[in-house]
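The sequence shown begins at 1 in my numbering and counts up by one. Structure, as structure tokens:
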Amino acid sequence: MITYLSIYIYLSIISLSEIKLSNYIKKIFFYLLFLFILIFISGRHYVGGDYITYLNLFNEAKINVLGGFSKLQGLNYVIQFIHILDLDYFFFNFICALIFLSGIFKFLNISDEKLFLFILLIPTMIYVVGMGYTRQSVSIGFLCFAIYYWSENMSIKKIIFFFLAVFIHISSIIFIFLLFFKCNEKIKLTKLLLLITITTSFLFLFYYLYFNNFENLSLAIGLDYKIVENSPLKYLKFLAHILPIIVFLIFIKKFSKDKKLFPLYFFTLISILVVIIAMIVFKQLAEQSSYIDVIADRILLPFILVEALIFVRLCSVIDLEYSFLFKLLILFYFGLMLFVWLEFADNSHAWQPYRSILFESYADDFNKS
Numbered sequence: 001m002i003t004y005l006s007i008y009i010y011l012s013i014i015s016l017s018e019i020k021l022s023n024y025i026k027k028i029f030f031y032l033l034f035l036f037i038l039i040f041i042s043g044r045h046y047v048g049g050d051y052i053t054y055l056n057l058f059n060e061a062k063i064n065v066l067g068g069f070s071k072l073q074g075l076n077y078v079i080q081f082i083h084i085l086d087l088d089y090f091f092f093n094f095i096c097a098l099i100f101l102s103g104i105f106k107f108l109n110i111s112d113e114k115l116f117l118f119i120l121l122i123p124t125m126i127y128v129v130g131m132g133y134t135r136q137s138v139s140i141g142f143l144c145f146a147i148y149y150w151s152e153n154m155s156i157k158k159i160i161f162f163f164l165a166v167f168i169h170i171s172s173i174i175f176i177f178l179l180f181f182k183c184n185e186k187i188k189l190t191k192l193l194l195l196i197t198i199t200t201s202f203l204f205l206f207y208y209l210y211f212n213n214f215e216n217l218s219l220a221i222g223l224d225y226k227i228v229e230n231s232p233l234k235y236l237k238f239l240a241h242i243l244p245i246i247v248f249l250i251f252i253k254k255f256s257k258d259k260k261l262f263p264l265y266f267f268t269l270i271s272i273l274v275v276i277i278a279m280i281v282f283k284q285l286a287e288q289s290s291y292i293d294v295i296a297d298r299i300l301l302p303f304i305l306v307e308a309l310i311f312v313r314l315c316s317v318i319d320l321e322y323s324f325l326f327k328l329l330i331l332f333y334f335g336l337m338l339f340v341w342l343e344f345a346d347n348s349h350a351w352q353p354y355r356s357i358l359f360e361s362y363a364d365d366f367n368k369s
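Take a look at the structure:
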């Protein structure tokens, strides 16, 4: 626990100190931060919820080339690429972490408060997703590129990275609105209703043709529903998604002045509400309701990016004299979420203690022969 909290607290202190640095020093700092987090994620040794699962799938793919496609979808191409180069599981984690963090750091360019935004992503996006949900982390990495290029009105790049994200993990399809709305675009009700109708119809058709039940869908997403089903914190996760929505609604007039990103905020709000309402409805109607919580949880994970952006934006829309206090409170809130997860979450034991490949023998684990 100390390792994870120390990184968060150390970076928070730097952010709160508001030290004035030249652009060159800032660039060096972020390069070093990127390198450190890359080594921290990719160099983990039996750390993270899916570590052993992906180790087994990685080894299986070396024997049975097609064996992993049904379970890993697009990520299997990454595994086959690693095997062609005759490299081991560490390099698989390295490539996945590189894609993930490259996307995250590209996404940071959307905000002027890059370090503050990154810190807010640490508890869930960096620690939980980056170190625990390997396939979805790669998908989110590509999705970050898509969001950034959407914010810059680069349509071709946006489309390419969006489809790469969906190819790796189906949950990223929830960001399909990026393809229909441009940044700075005024949201019209008719176009919004048309998008919702088409998207909902497509998703139901896709679900019926390819999955037909929640168990098959959960397997495709790569879930262990028992972890979420038995977790005492499972509903707190959804409450955590509600808070940024409340913040957005309270300050909606000020957020609307940010015309470039307002569509992103707006569709995040709509999507989160739709997913949570759908989860509640399906839990009442579906026989396989045990799967629904965890499916909804995974679908909502990419929105943590925008939720963090909302909190960062909050500090710039309030009165200047209160901005430091709000920043401190926000950092405390996210730090508290990190502590609660590390201390009380059922699956947090898979992350603790942190162990690095650099300090432990791993020759037997990777079995190069």
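The beta carbon of each residue, even a glycine, is placed where N, CA and C say it ideally should be.
(message) Could you give the first and the last residue of the continuous alpha helix (DSSP H) run that contains residue 144?
(response) 134 to 151
(request) Kindly indicate which three-state DSSP category residue 356 falls into: helix, strand or coil? (result) strand
(message) Could you check whether residue 179 and residue 160 sit closer than 9 Å to each other, using their CB atoms as the reference points?
(response) no
(request) Using the DSSP secondary-structure output, state which residues sit across from residue 44 in a beta bridge. (result) 356
(request) For residue 254, collect the residues of the same chain with a Cβ closer than 6 Å to its Cβ; drop the 5 residues on either side in sequence, then sort them by chain order. (result) 317
(message) Given the structure, does residue 352 come close to the ligand MN, in the sense that its CB is under 8 Å from one of the ligand's heavy atoms?
(response) Looking for the ligand MN in the displayed structure turns up nothing, as the structure carries no ligands at all.
(request) Would you check if the distance between the CB atom of residue 329 and the CB atom of residue 12 is smaller than 9 Å? (result) no
(message) Rounding to the nearest angstrom, what Cα-Cα distance links residue 149 and residue 110 in this structure?
(response) 10 Å
(request) Please classify residue 112: is it buried, with 16 or more other beta-carbons within 10 angstroms of its beta-carbon, or exposed? (result) exposed
(request) Quick one: measure Cβ to Cβ for residue 189 and residue 135, integer angstroms, because I've assumed they're closer than 8 Å. (result) That belief does not hold up - the Cβ atoms of residue 189 and residue 135 are roughly 36 Å apart, past 8 Å.
(request) May I have the straight-line CA-CA distance separating residue 284 from residue 295, to the nearest angstrom? (result) 15 Å
(request) Tell me whether residue 319 is buried or exposed, calling it buried when 16 or more other Cβ atoms sit within 10 Å of its Cβ. (result) exposed
(request) Below 8 Å CB to CB, which residues in the same chain sit around residue 350 once its five sequence neighbours on both sides are set aside? (result) 47, 48, 49, 51, 132
(message) Can you tell me whether residue 253 is helix, strand or coil according to DSSP?
(response) helix
(request) For residue 110, name the three-state secondary structure that DSSP assigns. (result) coil
(request) To the nearest angstrom, report how far apart residue 15 and residue 341 are at their CA atoms. (result) 23 Å
(message) When you compare the region 256 to 267 with the region 169 to 184, are there three or more beta-carbon pairs, one atom per stretch, that lie closer than 8 Å?
(response) yes
(request) Report yes or no: do three or more beta-carbon pairs, one from the region 297 to 308 and one from the region 79 to 92, lie closer than 8 Å? (result) no
(request) Buried or exposed for residue 281, please, with buried defined as at least 16 other CB atoms from any protein chain shown within 10 angstroms of its CB. (result) exposed
(request) Specify the secondary structure class of residue 349 as computed by DSSP and reduced to three states. (result) helix
(request) Starting from residue 171, trace the alpha helix (DSSP H) both ways and give me its first and last residue. (result) Unbroken run through residue 171: none, as it is neither H nor E.
(message) Taking the alpha carbon of residue 336 as the reference point, which residue from 139, 122, 28, 27 has its own alpha carbon closest?
(response) 122
(message) With H, G and I counted as helix, E and B as strand and the rest as coil, what does DSSP make of residue 307?
(response) helix
(message) Considering only their Cβ atoms, is the gap separating residue 107 from residue 144 smaller than 9 Å?
(response) yes
(request) Name the residue from 358, 354, 359 whose alpha carbon lies nearest to the alpha carbon of residue 2. (result) 354
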